[in-house]
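Below: one structure, written as structure tokens.
Numbering (the working numbering), first residue to last: 3 to 218.
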């Protein structure tokens with residue numbers, strides 16, 4: 003991967019033994035591994051600090067991304083609300099960036115993106131927050147320039163390990179937009195298991211150490 007922003011290599015703080023073992027684990031074991039690592043490594047104070055660093059790097063990246071493209075309308079980016087150990091990017095949406103933020107809502111087997119209305123968000127039965135559909139504006143994938151994508155794990159060629167339900171992969175197969183996997187450096191390994199045919203590779207990976215463009 004080639005560096006876009008951030009002073010350190012994504013692998014600096016990773017345990018090499020964990021990286022080697024990670025290749026051997028099937029996806030189900032990988033999910034347990036990353037969830038366990040996050041739970042034992044990050045406390046609430048550490049996570050807040052890492053979130054601030056991550057937001058700083060994403061701010062620089064998004065400013066460069068939007069400045070490099072001539073768009074008649076304000077660019078639209080897909081965002082997510084933190085669920086479980088996922089990074090909280092709420093402060094990013096409060097900055098004066100020239101971006102309209104849209105959020106996913108589960109509808110059947112699909113993720114549909116909405117610009118939230120006055121009623122904001124509600125909690126899905128699985129626990130994550132999603133836009134209240136009343137008063138929200140549905141945005142077609144064709145109008146979204148990029149997506150910030152959560153995940154349990156990522157590797158250096160852009161493979162993403164999700165929660166196993168396939169919502170993001172099904173959605174991302176239908177767009178050529180920029181795809182930025184978002185997590186912490188402890189979630190980035192040298193190599194994840196060979197992706198399934200339906201898995202969609204990230205174009206970038208963002209952690210508290212920087213935003214890195216995947217080089218294939």
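All C-beta atoms in this analysis are idealised placements derived from N, C-alpha and C, irrespective of residue type, glycine included. Computed from a predicted model, the values in this text were never measured in an experiment.
Work out the CA separation of residue 218 and residue 226 for me, nearest whole Å. Absent from the model: residue 226. The displayed extent of the chain is 3 to 218, so no value can be given.
Going along the chain, which unbroken runs of the beta strand (DSSP E) with 3 or more residues stay wholly within the segment 180-212? Counting only runs of 3 or more, we get 180-184, 206-209.
Taking the alpha carbon of residue 135 as the reference point, which residue from 142, 38, 122, 184 has its own alpha carbon closest? By 1-based counting over the chain shown, the position of residue 135 is 133. Looking at the Cα atoms, 122 is the closest of the given residues.
Do residue 187 and residue 211 have their beta-carbon atoms positioned less than 9 Å apart in this structure? The sequence position of residue 211 within the chain shown is 209, counting from 1. The sequence position of residue 187 within the chain shown is 185, counting from 1. Against a cut-off of 9 Å, the Cβ pair of residue 187 and residue 211 comes out as a contact.
Please work out which residues of its chain come closer than 7 Å, Cβ to Cβ, to residue 26, disregarding the five sequence neighbours upstream and downstream, and give them in chain order. Residue numbering aside, residue 26 sits at position 24 when the chain shown is read from its first letter. Bear in mind that a pLDDT of 47 at residue 26, under 50, signals an unreliable position, so the number given afterwards is only what the model happens to contain. Result list for residue 26: empty, nothing under 7 Å.
Can you tell me where the alpha helix (DSSP H) holding residue 46 begins and where it ends? Here residue 46 corresponds to residue number 44 of the chain shown, with the count starting at 1. Annotation: the continuous alpha helix (DSSP H) that includes residue 46 extends over 46-69.
For residue 82 and residue 152, believed in contact at Cβ under 8 Å, the rounded distance: Within the chain shown, the letter at position 150 stands for residue 152. Within the chain shown, the letter at position 80 stands for residue 82. A Cβ-Cβ separation of about 5 Å places residue 152 in contact with residue 82 under the 8 Å criterion.
Would you kindly work out how many angstroms separate the C-alpha atoms of residue 171 and residue 180, rounded to a whole number? In the chain shown, the residue the question calls residue 171 occupies position 169. In the chain shown, the residue the question calls residue 180 occupies position 178. Taking the straight line from one Cα to the other gives about 14 Å.
Could you give the residue range of the beta strand (DSSP E) that holds residue 150? By one-based count along the chain shown, residue 150 stands at place 148. Counting along the chain, the beta strand (DSSP E) containing residue 150 begins and ends at 148-152.
Any heavy atom of the ligand HEM closer than 8 Å to the Cβ of residue 133? Among the components modelled here there is no ligand, and therefore nothing to report on the ligand HEM.
Using the Cα positions of residue 220 and residue 147, report the straight-line distance between them to the nearest angstrom. Only positions 3 to 218 of the chain appear in this structure, which leaves residue 220 out of reach.
Proximal residues to residue 165 (C-beta, below 8 Å), its chain only, five neighbours per side dropped: Here residue 165 corresponds to residue number 163 of the chain shown, with the count starting at 1. Non-local C-beta neighbours of residue 165 in its own chain, meaning closer than 8 Å and more than five positions away in sequence, comprise 33, 154, ordered along the chain.
Taking all protein chains shown into account, do 16 or more other C-beta atoms lie within 10 angstroms of the C-beta of residue 118, making it buried, or fewer, making it exposed? For the purposes of this step, residue 118 is identified with residue 116 of the chain shown, where counting begins at 1. The residue in question, residue 118, is buried, as its Cβ has 16 or more Cβ neighbours within 10 Å.
Within the same chain, show all residues whose beta-carbon is closer than 8 Å to that of residue 129, passing over the 5 residues directly before and after it, in chain order. Here residue 129 is taken as the residue at index 127 of the chain shown, counted from 1. The beta carbon of residue 129 is closer than 8 Å to those of 85, 86 in its chain, skipping five residues each way along the sequence.
In terms of DSSP beta bridges, what is residue 141 paired with? Sequence index remark: in the chain shown, residue 141 carries index 139 (1-based). According to DSSP, which records beta bridges pairwise, residue 141 is partnered with 115.
What separation, rounded to the nearest whole angstrom, lies between the Cα atoms of residue 95 and residue 193? Sequence index remark: in the chain shown, residue 95 carries index 93 (1-based). Sequence index remark: in the chain shown, residue 193 carries index 191 (1-based). Their Cα atoms are separated by approximately 31 Å.
Delimiting residues of the alpha helix (DSSP H) encompassing residue 34: Sequence index remark: in the chain shown, residue 34 carries index 32 (1-based). Counted as a single uninterrupted DSSP element, the alpha helix (DSSP H) harbouring residue 34 occupies residues 29-43.
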